[in-house]
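Beneath this line is the structure, given in structure tokens, with notes to follow.
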Amino acid sequence: MASGIKDRVTILSMGCSRFGERWDVSQDELMCEAYLEALDRAGIDPSMIGAAWYSSHYDDIGAGKAGTPMAQALRLPNVGVTRVENFCAGGTEAFRGAVYAVASGAVDIALAVGVEKLKDTGFAGLPTASRGTFAPMYLPTHTNPGNFSQLARAYATKHGISRDDLKRAMAHTSMKSHANAISNPNAHLRKAITIEQAMNAPLVAEPLGLFDCCPVSDGAACAIVTTPDIARSLGKTAPVLIKAIQVVTSNGWEAQQAQWDGTYVHTARIAAARAYQEAGIADPRASIGMAELHDCFSITELVTLEDLGLSAEGRAWKDMLDGLYDADGSLPCQIDGGLKCFGHPVGASGLRMLYEAWLQLTGQAGNRQLKDPKQALTHNLGGGPAQNVCSITILGGA
1 MASGIKDRVT ILSMGCSRFG ERWDVSQDEL MCEAYLEALD RAGIDPSMIG AAWYSSHYDD
61 IGAGKAGTPM AQALRLPNVG VTRVENFCAG GTEAFRGAVY AVASGAVDIA LAVGVEKLKD
121 TGFAGLPTAS RGTFAPMYLP THTNPGNFSQ LARAYATKHG ISRDDLKRAM AHTSMKSHAN
181 AISNPNAHLR KAITIEQAMN APLVAEPLGL FDCCPVSDGA ACAIVTTPDI ARSLGKTAPV
241 LIKAIQVVTS NGWEAQQAQW DGTYVHTARI AAARAYQEAG IADPRASIGM AELHDCFSIT
301 ELVTLEDLGL SAEGRAWKDM LDGLYDADGS LPCQIDGGLK CFGHPVGASG LRMLYEAWLQ
361 LTGQAGNRQL KDPKQALTHN LGGGPAQNVC SITILGGA
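Structural data, given as structure tokens:
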């Protein structure tokens with residue numbers, strides 16, 4: 001029976017561009033920002049990189065779905081570059097490819113980069129359907145705010161939560177992320193908001209208001225991974241180890257069967273259980289010191305906290321209002337501002353979450369630094385509640 005990849009691979013270094021409306025730079029330049037930071041932190045020569053993975057969901061460079069945009073932008077030493085997509089979970093998919101390559105012994109050092117340059121295209125959401133894509137996700141009648149508003153209403157109905165209580169919990173979720181982002185120079189939105197502002201903001205899809213939705217942004221993030229022994233030989237005396245990576249994809253059960261009630265994300269619960277088993281975690285609430293969740297909408301964060309077993313079912317909204325997930329709470333979430341304040345450059349978001357987890361675990365997060373993050377969890381969700389890809393990664397020390 002497979003034992004997983006626990007402790008076989010470490011993050012040598014990471015890099016992240018500034019996220020936002022980056023009208024003044026190209027997609028190539030965004031990749032270079034993230035890559036050059038990672039390369040400098042790693043202290044290696046590019047010739048040591050054995051393979052690379054590239055995540056970009058939507059680009060107009062003209063190179064099709066190849067890896068050449070990344071290889072050319074970074075002037076990689078003629079290594080193989082694999083282009084990957086997995087909806088909004090593509091960044092973690094690139095990371096998984098690099099990690100598995102090192103874990104298998106195929107290469108000593110591997111690179112993963114995720115990037116998206118969305119603002120110049122003018123679109124306000126995911127690409128439209130085309131032959132070869134998962135068309136049901138992108139039909140005009142299926143908007144992402146609409147899909148997640150249904151999740152919110154089903155969740156509130158099942159657990160007997162009033163609209164006002166749910167709106168207040170979602171508002172606290174967004175307020176908390178905005179407060180965290182103020183001190184993060186890479187975040188897109190760095191302005192505090194109040195709970196009242198969030199509760200009274202214009203509606204996008206009932207009950208989701210303007211401040212319940214993450215923005216569209218440009219950005220890139222990068223990871224360089226290797227073995228613990230090589231990391232130590234390069235002077236990394238306290239390497240950040242990959243404890244688990246699990247990816248689960250919807251098989252049609254949620255959308256085509258009557259058992260799913262629309263109040264949770266089925267794949268997230270399966271991925272979390274498998275990740276905890278791989279990492280050897282029996283009590284996630286006691287073992288996880290921080291979480292970066294795919295908070296495309298505030299309700300997603302609340303529901304995900306229950307899917308991951310960090311809050312009891314039907315309790316996340318109360319835990320949120322009690323401050324459990326605030327920066328000074330017992331389990332900080334979105335300490336960097338999350339998708340809510342970084343925005344969601346589709347191919348980059350998964351790696352951006354890992355970047356913050358890596359900074360925290362290596363004590364490099366500056367004035368956001370948590371006292372004792374223990375182990376860190378990232379949750380990267382691609383698609384809607386009924387049809388999606390969910391990736392869970394757990395990082396920690398030796």
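Numbering of the sequence shown is given in full-length UniProt numbering, commencing with residue 1 and proceeding in unit increments. Ideal placement from N, C-alpha and C gives every residue a C-beta, glycine not left out. The structure presented is a predicted model; accordingly, all values stated were derived computationally and were not measured.
Rounded to the nearest angstrom, the Cβ distance from Leu354 to Thr393 is 6 Å, consistent with a contact under 8 Å.
If you compare the alpha carbons of Ser287, His159, Gly350, Met320 with that of Ser298, the shortest gap goes to Met320. Within the same chain, and ignoring the five residues on either side of Lys119 in sequence, the residues whose Cβ sits closer than 6 Å to its Cβ are Glu21, Asp218. Relative to Cys88, the option among His379, Arg168, Ala201, Lys6 whose CA is nearest is His379.
When DSSP states are grouped into helix, strand and coil, Glu85 belongs to the coil group. Here Val9 carries a coil assignment [DSSP, helix/strand/coil]. Checking the DSSP bridge columns, you'll see Lys374 partnered with Ile288. The segment 159-178 makes no contact with the segment 140-151; the number of CB pairs closer than 8 Å stays below 3. CA-to-CA, the gap between Leu381 and Val389 works out to about 6 Å. For Glu116, the uninterrupted beta strand (DSSP E) segment begins and ends at 109-116. For Cys214, no alpha helix (DSSP H) run applies, since DSSP gives it neither H nor E. For Asn147, the enclosing alpha helix (DSSP H) starts and ends at 144-159. The segment 25-45 and the segment 215-230 touch, with three or more beta-carbon pairs separated by less than 8 Å. Counting only runs of at least 3 residues, the segment 30-106 fully encloses the following beta strand (DSSP E) elements, listed from N- to C-terminal order: 51-55, 81-84.
Comparing C-alpha distances from Met48 to each of Leu370, Gln375, Ile230, Val247 shows the shortest one belongs to Ile230. Sequence-distant partners of Arg18 (beyond 5 residues in either direction) whose C-beta falls short of 6 Å from its own C-beta, in its chain, are Asn186.
By the criterion of a C-beta distance shorter than 6 Å, Arg368 is surrounded in its chain by Ser183, Ile335, once the five residues flanking it on both sides are discounted.
In this structure the segment 288-308 touches the segment 257-275; the number of beta carbon pairs closer than 8 Å is three or more.
The Cβ-Cβ distance between Glu33 and His57 does not fall below 8 Å. Fewer than three beta-carbon pairs drawn from the segment 244-251 and the segment 283-290 are found closer than 8 Å, and the two stretches are therefore not classed as touching. For the options Lys191, Asp164, Arg168, the alpha carbon positioned closest to that of Ser177 is the one of Lys191.
If the five residues before and after Met199 are omitted, its C-beta is found closer than 7 Å to the C-beta atoms of Lys167, Arg168, Ala171, all from its own chain and listed in chain order. A straight line joining the alpha-carbon of Ile193 with that of Val9 spans about 40 Å.
Cα atoms of Ala273 and Pro239: separation of roughly 25 Å, rounded to the nearest angstrom.
In the displayed model, Phe297 falls within a strand according to three-state DSSP. If the five residues before and after Gly338 are omitted, its C-beta is found closer than 6 Å to the C-beta atoms of Ser177, Asp295, all from its own chain and listed in chain order. In this structure, Ala357 lies away from Leu302, with their beta-carbon atoms at least 8 Å apart.
If you draw a straight line from the Cα of Ala275 to the Cα of Ala244, it is about 5 Å long. Boundaries of the beta strand (DSSP E) around Lys243: 240-249. Per DSSP, reduced to three states, the secondary structure at His188 is coil, with no helix or strand assignment.
Assignment of His172 by DSSP, reduced to helix, strand and coil, places it in the helix class. In this structure, the beta-carbon distance from Ala376 to Leu361 falls below 8 Å. DSSP, reduced to helix, strand and coil, places Val303 within a helical segment of the structure shown. Excluding its 5 nearest sequence neighbours in each direction, Asp165 has C-beta neighbours in its own chain below 7 Å: Trp317, listed in chain order. For Ser349, no beta strand (DSSP E) segment is defined; the enclosing uninterrupted segment is the alpha helix (DSSP H) at 349-361. Cβ-Cβ distances below 8 Å link Thr68 to Val81 in the same chain, with the five nearest sequence neighbours on each side left out; the list follows chain order.
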